[in-house]
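Have a look at the structure below before the remarks.
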């Protein structure tokens, strides 16, 4: 018997669940592609995001990496990924000793309540990471354009 | 028309780390949205931002649809010598915009 509730549950299960699961796998795949399987060390990276965001369209984000930023020891790049956006990549920043400080800021879109991960790629080839969980009350990406 | 704004000091001491803040007007259409009639809306984003300092690249950002509309990017650079910082944004549908700022280093 297909009542309304059962229909909704089934629809949600078939539409949402595989999609979100795939997105988390896609994030892992994107990270593996970046690191080439090298270990992700926890630490050195600070990822600042609001714990609660009312508007997923514009979420301020700051990433800082503890590094002397010298020729011999610096951050080569900072990569940011999300778990549940339609696409795992958010941004990639290339910097070097001329940055002076390994700090970048931008504003991101989050399609859902989810975890964001920032990965720093160091000049010695090591990878360091930090993640943050953001509760999003108004998600980005879901609205339609009226009348078009 | 697209426009960009740069916020950074005009003067700095040699070796000082300065913060550069940039914002560019652009809708950053994700490519994941549909109209009410179900037609997919094509992606139209800025894909790349590059900053050069007297012709040498010092910073670059690769952007994806998860960057909010009117991309704001802030970063830092060491004031090495007086000169010009050039900022270039490029993306889908041939989008290209260049802005410059000058820096006096004492």
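Protein chains in written order, with this note's numbering: chain V, 4 to 151; chain F, -5 to 100.
Built from N, CA and C at the ideal position, the CB exists for glycine as well.
Nonlocal neighbours in the same chain, by C-beta distance under 6 Å from residue i, ignoring five residues either side
i, result
"residue 111 of chain V", "62, 64 and 93"
"residue 122 of chain V", "82, 130 and 132"
"residue 50 of chain V", "66, 121, 133 and 135"
"residue 15 of chain F", "1 and 68"
"residue 78 of chain F", "94 and 96"
"residue 142 of chain V", "59, 114 and 115"
"residue 39 of chain F", "22, 59, 85 and 86"
"residue 108 of chain V", "65"
Coil, strand or helix - residue i by DSSP
i, result
"residue 88 of chain V", "coil"
"residue 65 of chain V", "strand"
"residue 94 of chain V", "strand"
"residue 38 of chain V", "helix"
"residue 29 of chain V", "helix"
Contacts around residue i, its chain only, beta-carbon distance under 8 Å, and the 5 residues preceding and following it disregarded
i, result
"residue 73 of chain V", "100"
"residue 100 of chain F", "5, 6, 7 and 8"
"residue -2 of chain F", "16, 17, 18, 19, 81, 83, 91 and 93"
"residue 33 of chain V", "84, 91 and 92"
Check whether residue i and residue j have beta carbons under 8 Å apart
i, j, result
"residue 60 of chain F", "residue 116 of chain V", "no"
"residue 137 of chain V", "residue 56 of chain V", "yes"
"residue 89 of chain V", "residue 26 of chain F", "yes"
"residue 103 of chain V", "residue 50 of chain F", "no"
"residue 41 of chain V", "residue 78 of chain V", "no"
"residue 54 of chain F", "residue 97 of chain V", "yes"
"residue 3 of chain V", "residue 80 of chain V", "Any question about residue 3 of chain V goes unanswered here, given that chain V covers just 4 to 151."
CB contact below 8 Å: residue i versus chain F
i, result
"residue 107 of chain V", "yes"
"residue 89 of chain V", "yes"
"residue 96 of chain V", "yes"
"residue 77 of chain V", "no"
Close beta carbons around residue i, own chain, < 7 Å, minus the five adjacent residues each side
i, result
"residue 5 of chain V", "Confidence in residue 5 of chain V is poor, its pLDDT being 48 and thus under 50, which makes the residue's placement unreliable; the coordinate value appears in the next sentence. Taken in chain order, the list of residues that qualify is empty."
Interface flag, residue i vs chain V, CB-CB below 8 Å
i, result
"residue 95 of chain F", "no"
"residue 76 of chain F", "no"
"residue -4 of chain F", "no"
"residue 57 of chain F", "yes"
"residue 67 of chain F", "yes"
At 4 residues or longer, and completely inside the stretch 18 to 81 of chain F: list those alpha helix (DSSP H) runs for me, N to C. none
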